[in-house]
Each structure stands twice: as C-alpha cells, then as structure tokens.
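Participant: Each protein sequence line maps, in turn, to chains A and B.
Using my numbering, you'd call the opening residue of the first sequence number 1110 and step up by one each time.
Using my numbering, you'd call the opening residue of the second sequence number 136 and step up by one each time.
Before anything else, here's the structure in question.
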Amino acid sequence: MSTSASLSVPHLEQVYDALATAIDAAGPDKSELFLVKLALLNANALGDVAAFEAQVAAALKDL
Amino acid sequence: MHEPHAEPRRSIYYRYQVHAPWLASKHPPQDRKKVVIVGAGPIGLFAALELARLGVPCVLLESELQVSEGSRAIVFTRRSMEILQQVGVDAPITANGLPWRFGNSFYRGQRVYRMEAPHDPDDRFFPMINLQQQYLEQYLTEAVLAHPLIDMRWGNRVTRVDPKDSFVRVEVDTPEGSYLLESDWLVASDGARSGIRAMMDLKLEGASYEGRFVIADIRIDLPLPTERLAFFDPDWNPGNTILMHREPHGIWRVDYQLPPDETPEQALAPGSLKARIDAQLAMIGHGGTPWEMDWCSVYSARALTLPNYVNGRVLFTGDAAHMLPIFGVRGANTGWQDAQGLAWRLAFVARGVAPESLLQSYSSERVAAAWEIIDEAGKSTRFMTPPTRGFRLLRDAVLSLSLSQPFVGPLYHWRTSRPHEYTQSPLNSSGDDNLLFKVGPGHGAPPQNIRLGADDYLLDHLGGGFDLLYFTEGPAIPDALQKVVAEIRLKGVPLRVVAVGAAEPVAGADLILADADGHFRARYGVRASGAAYLLRPDQHICARWMSLDAGRLQSALTTALGGTASTTVSVQKGV
C-alpha cells in the first residue's frame, strides 16, 4: 500500500506513544470503542473511501 | 362457523362501531364477480374506492365487524395524502391529524441530530401527518359504504382459495355458515398474516431481524411538539432505542426495543410496561406525569417480500405482499402505493381496455420498490438494532462521536417512506424526449405538485384516468393530437387534456391552467409551447416531450396500456 504523505520516523514514534497512552487511558472496557471512534475520525479526515478500504485490508492481514 | 368479535373494542379515545355481518341468506344468488378484495384495512378499502372510481364494481370481504384494534399505523406521508386525496378522504385526515416535519435523535440527554423534512411551497400536504389508524379506516369505510359500486361485507372470512385459470373460487365463512363466491380477480389485502398467502403456500423472501419492539399508545399531557423523538442507548434500556410520536386526542406512541430473550408475554405484563414507560418519562424530564394505557402490542422488524405479486388471478398488495420494517413508516404508506399501482391496471384489464399482461408491470414495479425499501430499511435497522458485534461497536462509536463531531449526524438519518420512481418501468415511453429535460419529474416519477392559487394545487385536478399536460399559448390543442385523444377515449380509456400556459380558452382542452408567472413551466422544465407530459392514472409520468406529435402520443399511450410492439408499429404506420 502506498500513500502520498507518510510520517517521518520521529512523528511515527510520537503517534505510537500517543496511541498506546490513549488505549491505556480508555481502559480495557472502552479501548475497542475508542479505536473505532478513532478510525471513523481518521476515515473522515482521509476523505477517500478506497484508501480507507485499502487500510482496512492491510490491517486485517496477519492478525 | 365464523364468529367475529361482536362487542365494540375497548379504547380510551375511539368509539368503535360494530357493523352487521353480511349474510348470504338475506341476498339473492350471486353471479361471478369481477373483483373480490379480501381485507378491509387501509389498503383494501383504498383499492375498492380506486377501482370503483374507475367504474369497476367489487366485493370487499372483511373478517371483522369493526375497524382496526388499536392504531398500528400512525404516520402518513405526503405521497399517501396525495393518493388518499384521489379517493376524496384527505380532508378529514387533514382536519383531524397532526402535521409535522422534524425528527430528533437524542443520546445522553443531548440532541445529536435534527432532521428537517423538506416542505416545498408547491406542496399541499405536509411531509408527515399523524392520525390513529381507526380514524383513517373510518373515513375510508364511510366513503366505501357510500359508493354504489362497492359491496362491503363485514364478518366475512375467507377460509379456502381455489384458483382456476380464468377465475378464483373462494369459500367465505360467516356467522350463519359458509358460502362460495367466484370472481374473475381476487385482490389479497389481508395484511401481514395474510390467510390468502398462507392458503396458496406462497413464500416470502428476505430477512427477519432479531430485535423486538413494544408499541404502546398512552394518554398523557406532555408539553412537546409534534416531532419524531428517538432516544438511543438510555440508562433504563441500555443499548436499545426508544421512539415517541404525538398522536391526536392527547395520545402518545411510545415504541421501545426489548432486551434479547424477553418474550412478548413478559414484555406486555402490566408491571413491565409501567416500569419502562415511567422510566422513559423520567428520562425526558416528565417523571410522575399521570398516564393511561390505551393499547399495546409487540412486533419484530422484518424485511420480506413475495417475489411476484401477480399469481394467476390472485393479486397481492400491501402487507399481504411484503412485510417491511416500520422504522420509516413503511407499512400503510407503501401499501397505498401498491394499491394505487394495482387498481388502475386491474380496472382497465377488467373492463377489457388493456391486456392481462399489463398487470405484470404492477408486479415488476412494486416488487422492485419493495426490494429498494428493504435495502434502505436495512440501513436504518442496522443502526437501530445492530445485528452483530461489529455493527453494535460502530453504532456505539457513532453515538459517542456524535456528542462532539457533527459529521456523523447524518448516520442517524431516518430514511422515510418515499414515492418510488419507476425509472425502469416497461410502461415508460421509449421514443419520447425524457432525457432532454433538465428538470421536472422524469420517467416513472410521481408528479411534482404545483401551487396554482389559494387552496388550489395541480394534483387537485389530476387522476381518475390518464392526464395529458399540454403546454401551449395557442388557442387550440392541435387537431392531430385531438384525434388521438378522441380515439383512445372511444376505446374506453379515460384521458383528460390539461392545457397549461394559455391566458385564453384552448379548444380541445378539458381544463386550462393559465400559469401566468411561468412557475409551472419552470418546474416542469418546459421552455416552449408544444411540450407535454403524460401521466398514468396513478399520476406517475410515463412520457414527456419537448414537442409532442400525434404519432408519439399514440405510441406512448399504447406502451402505457401494456401494448405490444406490433401494435405500436401499426399505429406509427397509420400516422
């Protein structure tokens, strides 16, 4: 999967930490809900159904 | 022996009238009938009136002696009102119903989405109007009883159907025993639990959903406007949805989803009803307000249809033909569109002015409409009652996001019943100018109403046959067109010619609408004299032309009457 814009390594690390911290903050009961909300917000910001579906397919791999 | 309930049903707002049963012993022997309609609910009553208006007598069989127990349907759409106007019962509904156009969705005490149904100044009727089903059936029944062509038979229950090639024989049970009745055509409008459908062993296709709902009508004084109220995932009913609607006579409909595994008996236990309705009232800030129960029932959301509504000489309509989720008021509002589509075709076939094959287009149009509704309703249903863990998670994520992110609001959109556009209908003309129009109702669409003046609208003047809207500033409908009109009328097909845009009388027009400001022409995309629209008797557009000529009018009428290609060719040769 290729995207036009990608994160620099320091920014990727920043996202990594932010997401991990947020999952912990949401707690085990709400982390799934939190992640779905986040996915919807990201999809809306992405504004591209095909790109989103490609991300869904990529994320479903190797579970 | 059929023993219908002979005491007036109980209601805190409606006074039931018990009608006398029709008994064969009190009538002379019967010939074979042209049309027998089974079931005098909203759809059967309307079908009888529409057939009668087109000159076809019918027998209307109703198993009960009185109108609907409780109000199943309560919300009627603009298109339904336009259809009911055709049989003259719109006035009492308008006078007694509660019109509205806003829908609200609430989550955690916050209004997270507000939907406004459009209300065009050219529309006579509101997008929605609330009225209890008993009143609606009463108005229709009064019209039926006043019509000399309708033979209304209360307390007559069909117990056997025997379809033949060219007629149908039914056994009808009454309080004095049964009799046999033969009819060229049988219309099954006997509702969701259709006995005719069961006796003919016809199978519905589609899906049933798990969610079950209680509907309860209560009398309570609430200072709230007539708007749709939907509450998601409240504390008292976690994960589930509650709907509320105002009805006339101080009645409110409360509609709530049940937890899985709860039986209808448990749900309808008085203690359970009271606790839940009290909890709902408390949640909306009206806890402790006294209320009284009128009627309640349990239903489940289903999305099913027969694959064909024409089964030999037996024709299915309304809930007998399909069962649709009620989110989006799709029961009666869909059924009237069915019955309207059926009645004119059946009338023309029964009168011998159209071939039997015309009925096939009733089935193809309305089965396609049912599948479209099932698809749309599925979207609402999977939000209201998520079928899987994934759907529930997404729904819950949307609820949560909606408190701060308006972009998810439209996912609350409640897809309402709307008139279907028969864009693929075989009755649409193939040689017209449909695609040249930039605006206006296209092939198969219902008409756009036009406000002509104070309390005067286009649709007040249409129906009861084909309508030709001919746009002209000239003094006469061209002779060649008048000739086609005269010929089709000679064959027994009613056709009205409406001249639009002329200030002076127009020879050959049955009605003249001046359209002084050009508004009508603008909405119909008409730029010059000589343009025309042809409306079927159910008012859906089957042809439109930038410039109409006799050959294309003849061809469109032939097609709309289910004519064959060869007829069309011979007609074109003759022009």
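Backbone N, C-alpha and C define an ideal beta-carbon position, used for all residues, glycine too.
Closer than 8 Å, CB to CB, is B/V543 near chain A or not?
Facilitator: Your numbering for residue 543 of chain B matches position 408 in the second sequence. Taking Cβ atoms only, chain A reaches closer than 8 Å to B/V543, which makes this a yes.
Participant: Go ahead and label A/A1168 buried or exposed: buried means 16 or more other beta carbons lie within 10 angstroms of its beta carbon, across all protein chains shown.
Facilitator: Start at 1 with the first residue of the first sequence, and residue 1168 of chain A comes out as number 59. Burial call: exposed.
Participant: Using only the alpha-carbon positions, how far apart do B/L528 and B/Y547 sit?
Facilitator: Position 393 of the second sequence, counted from the start, is the residue given in the question as residue 528 of chain B. Position 412 of the second sequence, counted from the start, is the residue given in the question as residue 547 of chain B. B/L528 and B/Y547: Cα-Cα distance of roughly 15 Å.
Participant: Which one of B/Y434, B/K409, B/P395 has the shortest CA to CA distance from B/P425?
Facilitator: Counted from its first residue, the second sequence places residue 425 of chain B at position 290. Ranking the options by Cα distance to B/P425, first place goes to B/K409.
Participant: Any Cβ of chain A within less than 8 Å of the Cβ of B/D258?
Facilitator: Within the second sequence, residue 258 of chain B is the residue found at index 123, counting from 1. So no, B/D258 is outside the interface.
Participant: Between A/L1142 and chain B, is the shortest Cβ-Cβ distance under 8 Å, so that the two count as touching?
Facilitator: The count along the first sequence starts at 1 and reaches residue 1142 of chain A at position 33. So yes, A/L1142 belongs to the interface.
Participant: Confirm, please, whether the CB-CB distance from B/L481 to B/L266 is below 8 Å.
Facilitator: Within the second sequence, numbered from 1, the residue matching residue 266 of chain B stands at position 131. Within the second sequence, numbered from 1, the residue matching residue 481 of chain B stands at position 346. The answer is no: Cβ separation not under 8 Å.
Participant: Along the region 1151-1170 of chain A, where does the CB come closer than 9 Å to a CB of chain B? Name the residues.
Facilitator: Residues passing the 9 Å Cβ filter: N1153.
Participant: Quick one: is A/V1145 near chain E, going by C-beta distance under 8 Å?
Facilitator: Considering every chain present, this structure includes no chain E. Its protein chains are A and B.
Participant: Using a C-beta cutoff of 8 Å, does A/L1172 count as contacting chain B?
Facilitator: By one-based count along the first sequence, residue 1172 of chain A stands at place 63. Not an interface residue.
Participant: Measure from the C-beta of B/L730 to each C-beta in chain A and report whether the shortest distance is under 8 Å.
Facilitator: The requested residue 730 of chain B does not occur in the structure, where chain B is confined to residues 136 to 710.
Participant: With a threshold of 8 Å, are at least 3 pairs of Cβ atoms found where one atom belongs to the region 552-572 of chain B and the other to the region 681-692 of chain B?
Facilitator: The answer is yes - the region 681-692 of chain B touches the region 552-572 of chain B, with three or more Cβ pairs under 8 Å.
Participant: Anything in the region 519-539 of chain B with a Cβ closer than 8 Å to a Cβ of chain A? List those residues in chain order, please.
Facilitator: Cβ contacts with chain A come from L528, L529, D531, A532, V533, S535, L536.
Participant: Inspect the beta-carbon positions of B/S435 and B/S343 and report whether they are closer than 8 Å.
Facilitator: Taking the first residue of the second sequence as 1, we reach residue 435 of chain B at position 300. Taking the first residue of the second sequence as 1, we reach residue 343 of chain B at position 208. In contact: B/S435 and B/S343 (Cβ atoms closer than 8 Å).
Participant: Kindly say whether A/L1116, judged by its beta-carbon, lies nearer than 8 Å to any beta-carbon of chain B.
Facilitator: The residue given as residue 1116 of chain A occupies position 7 in the first sequence. A/L1116 does not count as touching chain B.
Participant: What are the start and end residues of the alpha helix (DSSP H) that includes B/A512?
Facilitator: By one-based count along the second sequence, residue 512 of chain B stands at place 377. Counting along the chain, the alpha helix (DSSP H) containing B/A512 begins and ends at 493-519.
Participant: Looking at B/I218: is its Cβ nearer than 8 Å to the Cβ of B/Q475?
Facilitator: Position 83 of the second sequence, counting from 1, holds the residue named residue 218 of chain B. Position 340 of the second sequence, counting from 1, holds the residue named residue 475 of chain B. Yes; because the gap between Cβ atoms is below 8 Å, this pair is in contact.
Participant: If you count every other CB in all the chains shown that lies within 10 Å of the CB of B/D325, and 16 or more means buried, which is it?
Facilitator: On the second sequence, position 190 is the one that residue 325 of chain B refers to. By the neighbour-count rule (16 or more Cβ atoms within 10 Å), B/D325 is buried.
Participant: What is the DSSP secondary structure of B/Q201, reduced to helix, strand or coil?
Facilitator: Along the second sequence, one-based indexing puts residue 201 of chain B at 66. B/Q201 falls in the coil class under three-state DSSP.
Participant: Report the rounded CA-to-CA distance for B/R363 versus B/Y391, giving the unit in angstroms.
Facilitator: Locating residue 363 of chain B in the second sequence gives position 228, where the first residue counts as 1. Locating residue 391 of chain B in the second sequence gives position 256, where the first residue counts as 1. Computed Cα separation, rounded: 14 Å.
Participant: So that I know if they touch, is there some Cβ in chain B lying closer than 8 Å to that of A/L1149?
Facilitator: Looking up residue 1149 of chain A in the first sequence gives position 40. A/L1149 counts as touching chain B.
Participant: Write down every uninterrupted run of the beta strand (DSSP E) in the region 539-591 of chain B whose length is 3 residues or greater and which is fully enclosed by it, in chain order.
Facilitator: 586-588, all fully within the region 539-591 of chain B.
Participant: Could you check whether the region 206-225 of chain B touches the region 501-511 of chain B, counting it as contact only if at least three pairs of C-beta atoms, one from each stretch, sit closer than 8 Å?
Facilitator: No contact exists between the region 206-225 of chain B and the region 501-511 of chain B.
Participant: Over what stretch of residues does the beta strand (DSSP E) that includes B/R527 continue unbroken?
Facilitator: What you label residue 527 of chain B is simply residue 392 of the second sequence in a count that begins at 1. Per DSSP, B/R527 belongs to no beta strand (DSSP E); it is in the alpha helix (DSSP H), 524-537.
Participant: Quick test of your reading: B/F260 and B/M287, contact by CB under 8 Å. State the CB separation rounded to the nearest angstrom.
Facilitator: Your numbering for residue 260 of chain B matches position 125 in the second sequence. Your numbering for residue 287 of chain B matches position 152 in the second sequence. About 27 Å; that fails the 8 Å criterion.
Participant: Nearest-angstrom Cα distance between B/Q221 and B/A467?
Facilitator: Start at 1 with the first residue of the second sequence, and residue 221 of chain B comes out as number 86. Start at 1 with the first residue of the second sequence, and residue 467 of chain B comes out as number 332. Taking the straight line from one Cα to the other gives about 16 Å.
Participant: To the nearest whole angstrom, what separates the beta carbons of B/E197 and B/N291, a pair I think is in contact under 8 Å?
Facilitator: Residue mapping note: residue 197 of chain B aligns to position 62 of the second sequence, counting from 1. Residue mapping note: residue 291 of chain B aligns to position 156 of the second sequence, counting from 1. Indeed they touch by this definition, with Cβ atoms about 7 Å apart.
Participant: Under 8 Å between the Cβ atoms of B/L493 and B/V484?
Facilitator: As a working note, residue 493 of chain B is residue 358 in the second sequence. As a working note, residue 484 of chain B is residue 349 in the second sequence. Cβ distance < 8 Å, so B/L493 and B/V484 count as in contact.
Participant: Looking at B/Y605: is its Cβ nearer than 8 Å to the Cβ of B/A634?
Facilitator: Here residue 605 of chain B corresponds to residue number 470 of the second sequence, with the count starting at 1. Here residue 634 of chain B corresponds to residue number 499 of the second sequence, with the count starting at 1. The answer is yes: Cβ separation under 8 Å.
Participant: Exposed or buried, B/S329, counting other C-beta atoms within 10 Å across all chains shown (16 or more means buried)?
Facilitator: The residue given as residue 329 of chain B occupies position 194 in the second sequence. By the neighbour-count rule (16 or more Cβ atoms within 10 Å), B/S329 is buried.
Participant: Less than 8 Å separating the beta-carbons of B/W680 and B/A666?
Facilitator: Within the second sequence, residue 680 of chain B is the residue found at index 545, counting from 1. Within the second sequence, residue 666 of chain B is the residue found at index 531, counting from 1. Contact: yes.
Participant: Does the beta-carbon distance from B/L403 to B/K168 come in below 8 Å?
Facilitator: Here residue 403 of chain B is taken as the residue at index 268 of the second sequence, counted from 1. Here residue 168 of chain B is taken as the residue at index 33 of the second sequence, counted from 1. No, the Cβ-Cβ distance between B/L403 and B/K168 is not below 8 Å.
Participant: Short of 7 Å in beta carbon distance, which residues of its chain neighbour B/F518, apart from the five on each side in sequence? Order them along the chain.
Facilitator: Within the second sequence, numbered from 1, the residue matching residue 518 of chain B stands at position 383. Result list for B/F518: R530, L546, in chain order.
Participant: If the criterion is Cβ atoms closer than 8 Å, does the pair B/A532 and A/L1149 meet it?
Facilitator: On the second sequence, position 397 is the one that residue 532 of chain B refers to. On the first sequence, position 40 is the one that residue 1149 of chain A refers to. Yes, these two residues count as a Cβ contact at 8 Å.
Participant: Should B/V173 go down as buried or exposed, given a rule of 16 or more other Cβ atoms within 10 Å for buried?
Facilitator: For the purposes of this step, residue 173 of chain B is identified with residue 38 of the second sequence, where counting begins at 1. Its Cβ being crowded by 16 or more others within 10 Å, B/V173 is buried.
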